[in-house]
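Enquirer: Protein chains in written order, with this note's numbering: chain C, 8 to 516; chain Z, 413 to 750. Note that beta-carbon positions come from the ideal geometry of N, C-alpha and C, so glycine has one too.
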Amino acid sequence: MKMQETNASANVLLKMEGICKEFPGVKALDNVHLTVKAGTVHALMGENGAGKSTLMKCLFGVYSKDSGDVYLEGRKVEFKNSKEALENGVAMVHQELNQALKRNVMDNMWLGRFPRIASWCPLTSEKKMYEETKKLFEDLEINVDPKRVMSTMPVSQRQMVEIAKAVSYQSKIIVFDEPTSSLTEEEVEHLFRIINMLRDRGCGIIYISHKMEEILRISDEVTIMRDGQWIATRDAKTLTMNEIIKLMVGRELTNRYPEKDNVVGSPLLEVKSLTAMYSKLKDVSFVAKKGEVLGVAGLDSSGRTELLENIFGIATRKGGEIYLHGKRVMNRNARESIANKFALLTEERRATGIFAIRDIQANTTISSLRKYYYKGFPLLNNKKLTEVTEWGINAMRTKTPTQKTQIRSLSGGNQQKVILARWLLTDPEVLLLDEPTRGIDVGAKYEIYQLILNLAKEGKTVIMVSSEMPELLGVCDRILVMSGGQLAGEVDAKTATQEEIMTLAAKYA
Amino acid sequence: MAEKDNLKKIGDLLLNNAMYIIIALAVVYITIMRPSFLGIPSIVNILSLTAAKLPIALGIGGCIVLTGTDISAGRVVGLTACISASLLTTVFKVFPDMSNAAPLPLVLLLVIGVGALVGFVNGFSVAKFKLHPFIVTLSTQLIVYGAILMYLMRGVNNGQTLSGLADNYRSFITGTLFSIGGVAVPKYVLYSLILTIIMWIIWNKTTFGKNMFAVGSNEEAANVSGVNVMRTIIMVFMLAGMMYGITGFLDGARIASANANTGLNYECDAIAACVIGGVSFVGGIGRISGIVVGVLLLQIIFTGLNFLAVDANMLYIIKGLIILIACAIDMRKYLVRK
Numbered sequence: 008m009k010m011q012e013t014n015a016s017a018n019v020l021l022k023m024e025g026i027c028k029e030f031p032g033v034k035a036l037d038n039v040h041l042t043v044k045a046g047t048v049h050a051l052m053g054e055n056g057a058g059k060s061t062l063m064k065c066l067f068g069v070y071s072k073d074s075g076d077v078y079l080e081g082r083k084v085e086f087k088n089s090k091e092a093l094e095n096g097v098a099m100v101h102q103e104l105n106q107a108l109k110r111n112v113m114d115n116m117w118l119g120r121f122p123r124i125a126s127w128c129p130l131t132s133e134k135k136m137y138e139e140t141k142k143l144f145e146d147l148e149i150n151v152d153p154k155r156v157m158s159t160m161p162v163s164q165r166q167m168v169e170i171a172k173a174v175s176y177q178s179k180i181i182v183f184d185e186p187t188s189s190l191t192e193e194e195v196e197h198l199f200r201i202i203n204m205l206r207d208r209g210c211g212i213i214y215i216s217h218k219m220e221e222i223l224r225i226s227d228e229v230t231i232m233r234d235g236q237w238i239a240t241r242d243a244k245t246l247t248m249n250e251i252i253k254l255m256v257g258r259e260l261t262n263r264y265p266e267k268d269n270v271v272g273s274p275l276l277e278v279k280s281l282t283a284m285y286s287k288l289k290d291v292s293f294v295a296k297k298g299e300v301l302g303v304a305g306l307d308s309s310g311r312t313e314l315l316e317n318i319f320g321i322a323t324r325k326g327g328e329i330y331l332h333g334k335r336v337m338n339r340n341a342r343e344s345i346a347n348k349f350a351l352l353t354e355e356r357r358a359t360g361i362f363a364i365r366d367i368q369a370n371t372t373i374s375s376l377r378k379y380y381y382k383g384f385p386l387l388n389n390k391k392l393t394e395v396t397e398w399g400i401n402a403m404r405t406k407t408p409t410q411k412t413q414i415r416s417l418s419g420g421n422q423q424k425v426i427l428a429r430w431l432l433t434d435p436e437v438l439l440l441d442e443p444t445r446g447i448d449v450g451a452k453y454e455i456y457q458l459i460l461n462l463a464k465e466g467k468t469v470i471m472v473s474s475e476m477p478e479l480l481g482v483c484d485r486i487l488v489m490s491g492g493q494l495a496g497e498v499d500a501k502t503a504t505q506e507e508i509m510t511l512a513a514k515y516a
Numbered sequence: 413m414a415e416k417d418n419l420k421k422i423g424d425l426l427l428n429n430a431m432y433i434i435i436a437l438a439v440v441y442i443t444i445m446r447p448s449f450l451g452i453p454s455i456v457n458i459l460s461l462t463a464a465k466l467p468i469a470l471g472i473g474g475c476i477v478l479t480g481t482d483i484s485a486g487r488v489v490g491l492t493a494c495i496s497a498s499l500l501t502t503v504f505k506v507f508p509d510m511s512n513a514a515p516l517p518l519v520l521l522l523v524i525g526v527g528a529l530v531g532f533v534n535g536f537s538v539a540k541f542k543l544h545p546f547i548v549t550l551s552t553q554l555i556v557y558g559a560i561l562m563y564l565m566r567g568v569n570n571g572q573t574l575s576g577l578a579d580n581y582r583s584f585i586t587g588t589l590f591s592i593g594g595v596a597v598p599k600y601v602l603y604s605l606i607l608t609i610i611m612w613i614i615w616n617k618t619t620f621g622k623n624m625f626a627v628g629s630n631e632e633a634a635n636v637s638g639v640n641v642m643r644t645i646i647m648v649f650m651l652a653g654m655m656y657g658i659t660g661f662l663d664g665a666r667i668a669s670a671n672a673n674t675g676l677n678y679e680c681d682a683i684a685a686c687v688i689g690g691v692s693f694v695g696g697i698g699r700i701s702g703i704v705v706g707v708l709l710l711q712i713i714f715t716g717l718n719f720l721a722v723d724a725n726m727l728y729i730i731k732g733l734i735i736l737i738a739c740a741i742d743m744r745k746y747l748v749r750k
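#1: Measuring only the C-alpha atoms, how far is Gly527 (chain Z) from Arg487 (chain Z)?
#2: Any C-beta of chain Z within less than 7 Å: which residues of the region 363 to 378 of chain C qualify?
#3: Select from C:Thr230, C:Glu313 and C:Leu479 the residue whose C-alpha is nearest the C-alpha of Thr245 (chain C).
#4: Give me the DSSP bridge partner(s) of Asp531 (chain C).
#5: Shorter than 7 Å from the beta carbon of Phe539 (chain Z) to some beta carbon of chain C?
#6: By DSSP's criteria, Lys59 (chain C) is part of a beta bridge. Which residues make up the other side?
#7: Please identify the residue among C:Gln493, C:Arg485, C:Leu41 and C:Gly491 whose C-alpha is closest to the C-alpha of Asn269 (chain C).
#8: Within the 7 Å Cβ cut-off, does Ser629 (chain Z) reach chain C?
#9: Here's the rule I'm using: 16 or more other beta-carbon atoms within 10 Å means buried, otherwise exposed. How should Pro186 (chain C) be labelled?
#10: Are Ile495 (chain Z) and Val523 (chain Z) touching if we call contact CB-CB under 7 Å?
#11: Anything in chain C within Cβ reach of Ala665 (chain Z), meaning under 9 Å, just list it in chain order.
#12: For Leu386 (chain C), go through chain Z and note every residue whose CB falls closer than 8 Å to its CB, in chain order.
#13: Please tell me whether Gly360 (chain C) has its Cβ less than 7 Å away from any Cβ of chain Z.
#14: Check the Cβ-Cβ distances between Ile170 (chain C) and every residue of chain Z, and say whether any is below 7 Å.
#15: How big is the Cα-Cα spacing for Ala513 (chain Z) and Val440 (chain Z)?
#16: Among C:Val151, C:Val174, C:Leu276 and C:Ser178, which residue has its Cα nearest to the Cα of Arg165 (chain C)?
#17: Restricting to Cα atoms, I'd like to know which of C:Gly420, C:Leu438, C:Leu479 and C:Leu427 is closest to Glu54 (chain C).
#18: In whole angstroms, what is the alpha-carbon distance linking Ile585 (chain Z) and Ser604 (chain Z)?
#19: Give the single residue among Z:Ile610, Z:Gly664 and Z:Asn457 whose Cα lies nearest to the Cα of Gly490 (chain Z).
#20: Could you work out which residues of chain C lie near Lys622 (chain Z), taking near to mean beta carbons separated by less than 8 Å?
#21: Taking DSSP's pairing of strands, which residues face Trp237 (chain C) in a bridge?
#22: Can you name the residues of chain Z whose CB is closer than 8 Å to the CB of Arg429 (chain C)?
#23: On the DSSP letters alone, give me the boundaries of the beta strand (DSSP E) that Met471 (chain C) sits inside.
#24: Can you give me the start and stop residues for the alpha helix (DSSP H) that Cys686 (chain Z) sits inside?
#25: With a cut-off of 7 Å, does the C-beta of Arg356 (chain C) fall near any C-beta of chain Z?
#26: Quick one: complete beta strand (DSSP E) runs, 3+ long, within the region 135 to 209 of chain C?
#27: Comparing the C-beta of Arg311 (chain C) with each C-beta of chain Z, is any distance below 7 Å?
#28: How do the region 503 to 521 of chain Z and the region 590 to 605 of chain Z stand: do at least 3 beta-carbon pairs fall below 8 Å, yes or no?
#29: Mind checking which residues open and close the beta strand (DSSP E) that includes Phe384 (chain C)?
#30: Is there at least one Cβ from chain Z nearer than 7 Å to Arg342 (chain C)'s Cβ?
#31: Tell me the DSSP bridge mates of Thr588 (chain Z)?
#32: At a Cβ cut of 9 Å, what residues of the region 696 to 709 of chain Z count as close to chain C, listed as they run along the chain?
#33: Within 10 Å of its beta-carbon, does Gly423 (chain Z) have 16 or more other beta-carbons around it, so buried, or fewer, so exposed?
#34: First and last residue of the alpha helix (DSSP H) that includes Tyr656 (chain Z)?
#35: Any beta carbon of chain C sitting closer than 7 Å to that of Lys750 (chain Z)?
#36: Just to confirm, are Val300 (chain C) and Val488 (chain C) a CB contact at a threshold of 7 Å?
Written out as structure tokens, the structure is:
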């Protein structure tokens, strides 16, 4: 089945036809096609593993495709690497930023094509770099000093730099791979302004995202993939969220959130005027109850993560007190916090969550090893290790071939389940979850929500940070809103609206 | 398509086992050229030398699992060998006031303590000041070397080689464990075996061992997971230091003398053996069995080259190439193919 584009072909910027790619034992792409027209935003959707990334990697020559053709403005092309693609006007803004963090913004912008003082002189021109970066940033309304060092900037700003870089290549096709996963609502608006600007200039935008609200807002056309196959290409106006989900998962997903049946009990955790030493977290006080799912909303650098890190003791506190069951706990470091029955699922799964090259068993048991000794003898008992890992895999319904499989070969959702199991084995009363569903596909998200609610039902207190407001409204009982390092307010998740939360989030920002 | 895949698979298999294949070919070649290479005296010789070099490799292995290294190892062996030789002797040049050799167990504990102390300084500096182990151990290597030289100047020794070791010290280490075909197997082979078993238990059966692998594979995640990262790093280096101390104790008697150059470059062989045995500089990966195999294979090669009467200077070039090739092959496994 091919789309007929004969009369509109002048309008077509990029056409990928019959793309196949096979890895040993897996058919990653099976006769996939994609047509992107000039001046449109084309959303590419599908669950993790559906083949979106593989398709893009075939476009950029990261993978060599087994068969199929790529046409750029009617001309057949085959890029050998992403540099060649860039030179031909095809750029990509990656989900994982590959930036030279120790260098400044403009060094990163011009990397690989530093302007020279003069064509005969091999010295680079800082002045040209600065001026052109400045001009581009003004153009895109990006408020960043070109001389600022990357590592001192929040992820969202680094992402903006990456986007500006793609634009600076005068690209005709720009691929955005999950561009909003680390952006706040406000920054998303900014990104959309930039995308709309590019669209008006006649660029073709390929937009990969899991966030359906965004897709429906920004895109003109939507292509949906599943299991390496092309499923449908539709006009975005005619699509609804439920239809997309149905096409993506191949079955009807009636509810995006599980039914809330947890019972909120008596106060368990009390935090009094928590203030951080090295971040702007200031004077935060709240109470969390037994069996409650307490959400924490706020913009990207509002202190949400810092709040959890300070409670858990992996960030240095300047002041404030923490009470559990009315008794003061110090939580000076992670070990003490774990002993006090706290657990923290970190935001950056890859950087601070998983031990990538270690197996599922090692990843599951690392926080509770002392429980698996032989009786009265401090040597580890293999049988016990295997048993608890098996329990973890079953309880979380983790999909893994064996418990000796390296965790890095699992999908994001399954990795997250392994880490959740790791924490449950420490028998916590308070679970601090930082972006528990980031980078996880729709089906797995639902399972994570279910797990969170089950924990609450068991009487545990769950404190959950998320930048996805619908998720907070769907899963939590109450939501704390952070702004500029302070607690801006608290809302009831049953009655609150996104606008209400946004207003609070902007209070001290 | 399928044929191409199969060829690629065979190629990968050959490359991944290249080290073993090269060594197997070498053994076959050497045996054809010099049939006595596989005779009992030669095999016992290879096993004894392997046993002698094993403890230091077992120590360094832990440092490599932490993505670190330890280049102070050889010098610590030198220092502890000199201490052992100066105390367990019949001619007391370093301590002219002594008239009898010190008790063996006391000296053993002393050198283990000295090794642990250097290890503590290494580990503490790495963990507390976040310095790269290479820089830290480069510094301690120099410091320890200075200490050896000063130690050898003590008393009336004047920097000379220490020899004339006490009989009980020599026989405790190089005495006959048992004989095969008239060839004596020295006692230190047994000690090396015991150390290997202890290290295997530490690596595989203790919380400390699991924590070591976790810190090596992701230090940040280990910290969040409640691992005492600082203590783990210090303990890995201290354990390594203890192994060097024991190696020094064994080496003094094994070589029957000790001087400022005892132990020189031991760390090179040990690191090479670890890498050949699959302890990866990527961190978080390695097995005790791999280290044993690595030391053994390296020893087979060196003994074989001696059998072929290869120029001693050439040996260094071959050693260097082996390390380079082994690391390159090892790295292939962890590269994300694009």
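Expert: Looking at the coordinates:
#1: Approximately 10 Å, taken between the alpha carbons.
#2: Identification of residues in the region 363 to 378 of chain C having a C-beta nearer than 7 Å to some C-beta of chain Z yields Ala363, Ile364, Arg365, Ala369, Ile373, Ser374, Leu376 and Arg377, given in sequence order.
#3: For Thr245 (chain C), the nearest C-alpha among the options comes from C:Thr230.
#4: In the structure as shown, chain C starts at 8 and stops at 516, and residue 531 (chain C) therefore has no counterpart that could be examined.
#5: The displayed chain sequence assigns Ala, not Phe, to residue 539 (chain Z). Taking Cβ atoms only, chain C never reaches closer than 7 Å to Ala539 (chain Z), which makes this a no.
#6: Lys59 (chain C) pairs with nothing; no bridge assigned.
#7: Comparing Cα-Cα distances from Asn269 (chain C) to each of C:Gln493, C:Arg485, C:Leu41 and C:Gly491, the minimum goes to C:Arg485.
#8: Against chain C, the CB of Ser629 (chain Z) has a partner CB under 7 Å away; the residue lies at that interface.
#9: Burial call: buried.
#10: For Ile495 (chain Z) and Val523 (chain Z), yes; Cβs fall inside 7 Å.
#11: Simply none; closest approach about 32 Å.
#12: The contacting residues are Ile613, Lys617 and Thr618.
#13: Yes, Gly360 (chain C) lies at the interface with chain Z (some Cβ there is under 7 Å from its Cβ).
#14: Ile170 (chain C) does not count as touching chain Z.
#15: Between the alpha carbons of Ala513 (chain Z) and Val440 (chain Z) lies a distance of about 47 Å.
#16: Considering only alpha carbons, the answer is C:Val151.
#17: Checking every option, the nearest Cα to that of Glu54 (chain C) belongs to C:Gly420.
#18: Cα to Cα, Ile585 (chain Z) sits roughly 11 Å from Ser604 (chain Z).
#19: The alpha carbon of Gly490 (chain Z) has as its nearest neighbour, out of Z:Ile610, Z:Gly664 and Z:Asn457, the alpha carbon of Z:Gly664.
#20: Under the 8 Å cutoff, chain C gives Ala369, Thr372, Ile373, Leu376 and Leu387.
#21: Answer is C:Met232.
#22: The answer, in chain order, is Ser637.
#23: Here the beta strand (DSSP E) through Met471 (chain C) covers Thr468 to Val472.
#24: Per DSSP, Cys686 (chain Z) is one residue of the alpha helix (DSSP H) stretching across Tyr678 to Ile688.
#25: For Arg356 (chain C), the answer is no, since every Cβ of chain Z falls outside 7 Å of its Cβ.
#26: Entirely contained in the region 135 to 209 of chain C, the beta strand (DSSP E) runs reaching 3 residues are, in chain order, 180 to 184.
#27: It does not: the Cβ of Arg311 (chain C) has no partner Cβ on chain Z nearer than 7 Å.
#28: Flag = no, the region 503 to 521 of chain Z and the region 590 to 605 of chain Z do not touch.
#29: Start and end: Phe384 to Leu387.
#30: Any Cβ of chain Z closer than 7 Å to the Cβ of Arg342 (chain C) would place that residue at the interface, and such an atom is present.
#31: Answer is Z:Pro598.
#32: Answer set for the region 696 to 709 of chain Z: Gly696 and Ile697.
#33: Counting Cβ neighbours within 10 Å, Gly423 (chain Z) comes out exposed, since fewer than 16 surround it.
#34: Looking at the DSSP string, the run of the alpha helix (DSSP H) that includes Tyr656 (chain Z) is Val641 to Ile667.
#35: In this prediction, Lys750 (chain Z) scores a pLDDT of 44, lower than 50, which makes its location untrustworthy; no coordinate-derived value is stated.
#36: Taking 7 Å as the Cβ cut-off, Val300 (chain C) and Val488 (chain C) do not qualify as a contacting pair.
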